[in-house]
Amino acid sequence: MTLAHYLTVAALLFLIGLFGVLTRRNVIGILMSIELMFNAANVNLAAFDRFLHPEGVAGTTLALLIITVAAAEVVVGLALLMAIHRNLGTAYVEDFNLLKG
Amino acid sequence: MIEHAYLLPLIAFFASLVMLFAGKEDPRSPLPWLGIGAMTACLTIAVSIFWSAAFGGGVLPYERNWRWFSLAASIGGKSFIVDMSVGTLIDGPAAVTLVVVTLVSLMVQIYSVVYMHGDTRFKRYFAFVSFFTAAMLGLVVSSSLLVTFACWELMGLSSYLLIGFWFEREGPCEAQKKAFMTTKLGDSGLYLALLLIYAKVGSFQLSQIQQFFDNGFMPATVATVIAVGILVGAAGKSAQAPLFIWLPDAMEGPTPGSALIHAATMVAAGILLVSKTYFVFLASPSAMEAAGWMGLITAFLAASMALVSFDIKRVLAFSTVSQLGFMMCALGVGGFTSGLFHLTTHAFFKALLFLGAGSVIHAVHTNDLRRMGGLSKKMPLTFLTMLIAVLAISGVPGLSGYYSKDLILADVWNHDHAMFWILLFTALMTAFYMFRLFFLAFWGDDRDHEKFSHAHESPVLITGPLVILAVFSALAGAGLDHDGLVSKLLAKPTISVMPGATAAAVAVPVDGAKAETAGHEARGESSGRGERHESHLPPWLHMTAITLVLCSITLSFFMYRGPTYALADAVKANLAPICTLLERRWYFDDFFYGLVALADQAAALAFWIDANVVDRVFVDGWGLLMLIFARISDAFDNIFVDSAVDGVGSLGNDLGVGLRSLVKEGQVQEYLMYAAISFSLAATLILTR
């Protein structure tokens, strides 16, 4: 198991997440896909930490921080979704076009 | 006192400033007495300088210089520093002239207190007179030609102011302009001469220039050009032909002012300048000859014009021109001493004549000789002093004019016999017209009863100066001639190196250091080289000249003694064409007016060409051409350049609009997709480089 294997897995995860963000119609699905992308980053951090600086804890600490931030972000996203859903009565992202110029 | 000669112009100048700016203008202002006091101080200094020069141990020439300014110049790649000096240079002629100028100016000022009494610009008149005198004194004492030239120009200004003193009237206005412009025409020649001198010598100091000439560094042709330039300047200032036209009109000013101009300051300046730069003339025989003939022609023309004039001041003005011609002629033939001697004596009797004429005019309020007559009964003092002046100017033996004119005639006789005869004839005319004036004004019975009964002798402030000047007119000649004083004081400058061929044309120089004894020796030595300095006419010629002068006076007496002058009228009728010629002043004025009119026509033609050819064709045509070019440029700009600019803009616009139409609006995921595609493209580009 080399660094490349981890990075490949992380890249796949990221692309899957990106694909989900671009293709899911439901906002909840999009939020979940975003989580995937976050986790791809976390895998990268852990892998770089493990292979480049095995003696330190900076990488893992940053990964933990990101997990926390992601949780907070999802909370904000879901709260926004609740407010939108109450006003528009839908959770499909193609209907969210109030801000178009 | 000689070391304080610089005080002379400064005192007079200061006095004139004070008189001009202090106090209010008042017909009875006491300020003129300040000018008179200042002039008395000047006279004292001048007399002491003269005394030490004539009888004391004073060594002449005396020179003293101060640094004035320095300037660094670079000409033709060579840099050098020029030290300009200002200072005084007192030689014999200067010492004599100083006395003459200050004395005449003092007399004129005292006289003017009465004559100008009640004039609205009483104070200003005296300021002008003082200023005029200051300028003349500055010219006399200056050791630098540059300062001399400045004073020369200041004198031009003051003559302008004095001639046009009564500027409300048209005559003085025209006269002052004429005087200023005519003299300015001459000044341009002098200016060029000065430039040339400086270019050649590199200094304006007279002594240095003289040294330059003495050492023979100056090429003869350049010397001639310089001499001619100086001569043109002198011709303007000293009223020589053909630039004398201003002087007869210059008598439009106040009569005492005319006396100053005609006797001491203005016209003497030209002669004096020639004498100051005499070494230039000595180096150029042809210029000497030109000066001689110019003076001769002037003397003759002016004397002939004086024969027919009936304006008392105009006759005197013509006589001034004529006498100046005598002086210039004398200088031209090498008679340095005689020319300056005549300048001195002439100053006295011409001032006297003008002041006497002023006294007459003051009494009868007219300039017209035909309305005077018999005034000897009413104005005995004026009559007697005028008699002395007229005798002096006519050259009657014993009086001052005789001595100087005799010397001039002798010098001319030794130079050229033809010139002598013309000059002798002129001298006879002088005697004739002066006595004509005298008889018309004073002799016989009155012609205009009203004027006559009105006439009265002038007050003592007028007659006093007349008497003093009469004393000088009578005795100055004999006094200066006595004991060889004149040849000591007015010794001809020497020039050591002379072109061999021309040595004969120039009189034998008198050594300056031995000048004191030269007068005595010259009498004893009969075997000099060529001519002697104190030359005399042959005795038979001398007697003939005196006899002819007396005949001329007698002729004048018989023609003009009575209340009528039938004889004169008969002569006039018989010689009508000549009289007309003389009355029109030999058509000199008409000539100059014609010249000016011609210049006017030429200017008008030039203006027409400018307006119709230059402006129409070149200026307007150029504008039109530019307009056409501008139109073409404008069209090109509109069609090609602007459409290119607009095309680029609308291309960007169209591209943007077209691209935007590909995107469905408001779809976040689509935006994101494009962002992702762009990002990955960019990342690919960057990473694969």
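For the record, the sequence lines run as chains U and E.
Each residue of the first sequence is one higher than the one before, counting from -12 in the numbering used here.
Each residue of the second sequence is one higher than the one before, counting from 54 in the numbering used here.
Even for Gly, the Cβ is constructed at its ideal location relative to N, Cα and C.
- In this structure, E/Pro307 sits away from E/Ala187, with a CB-CB distance that is not shorter than 7 Å.
- In this structure, the straight-line span from the alpha carbon of U/Thr48 to that of U/Leu(-10) is close to 19 Å.
- Against chain U, the beta carbon of E/Ala729 has neighbours under 9 Å at Leu5, Val8, Leu9, listed in chain order.
- The bridge partners DSSP lists for E/Trp496 come to none.
- Counting the other Cβ atoms within 10 Å of the Cβ of E/Cys382 gives 16 or more, which makes it buried.
- If only uninterrupted alpha helix (DSSP H) runs of at least 4 residues are considered, none is enclosed by the region 66 to 99 of chain E.
- Contact with chain U is absent for E/Gly711, since none of that chain's Cβ atoms lies less than 7 Å from the residue's Cβ.
- A buried status is given to E/Asp499, since no fewer than 16 other beta-carbon atoms sit within 10 Å of its beta-carbon.
- With a beta-carbon spacing of about 6 Å, E/Gly409 and E/Thr438 fall inside the 8 Å limit used to define contacts.
- Under the three-state reduction of DSSP output, E/Val374 falls in the helix class.
- Approximately 4 Å separates the beta-carbon atoms of E/Asp501 and E/Arg424; this is inside 8 Å, confirming the contact.
- By the CB criterion at 7 Å, E/Ile102 and E/Met160 fall outside the cutoff.
- Pairing E/Leu522 with E/Phe394 gives a Cβ-Cβ distance that is not under 7 Å.
- When C-alpha distances from E/Phe218 are compared across E/Ala303, E/Thr150, E/Gly242, the shortest belongs to E/Ala303.
- Checking the DSSP bridge columns, you'll see E/Gly140 partnered with E/Asn118.
- Under the three-state reduction of DSSP, E/Ala126 is assigned to strand.
- Taking one beta carbon from each stretch, the region 161 to 168 of chain E and the region 206 to 217 of chain E have fewer than 3 pairs nearer than 8 Å; the two do not touch.
- If you check the CB distance, E/Pro85 and E/Val166 come in under 7 Å.
- In the three-state DSSP reduction, E/Tyr618 falls in the coil class, being neither helix nor strand.
- Leaving aside the five residues that flank E/Ser372 on each side, the residues in its chain whose CB is nearer than 6 Å to its CB run, in chain order, Ala359.
- Taking the CA atoms as reference points, U/Thr77 sits about 18 Å from U/Val63.
- By the neighbour-count criterion, in which 16 or more other beta carbons inside 10 Å mark a residue as buried, E/Ile662 falls on the exposed side.
- According to the DSSP assignment, E/Tyr640 belongs to no alpha helix (DSSP H), since it is labelled neither H nor E.
- Among the bridge pairs identified by DSSP, E/Ser197 is matched with E/Gln258.
- Nearest CB-CB separation between E/Val701 and chain U: not below the 7 Å threshold.
- Looking at the DSSP output, E/Asp364 bridges to E/Asp421.
- Contact annotation: the region 128 to 139 of chain E does not touch the region 73 to 91 of chain E, with fewer than three C-beta pairs closer than 8 Å.
- In this structure, the beta-carbon distance from E/Ile461 to E/Phe379 falls below 7 Å.
- DSSP places E/Ser132 in the strand class (E or B) of the three-state scheme.
- With a threshold of 16 other beta carbon atoms within 10 Å, E/Thr600 falls short and is exposed.
- Per DSSP, reduced to three states, the secondary structure at E/Tyr59 is coil, with no helix or strand assignment.
- Under the 7 Å criterion on CB atoms, E/Val721 is classed as interfacial with respect to chain U.
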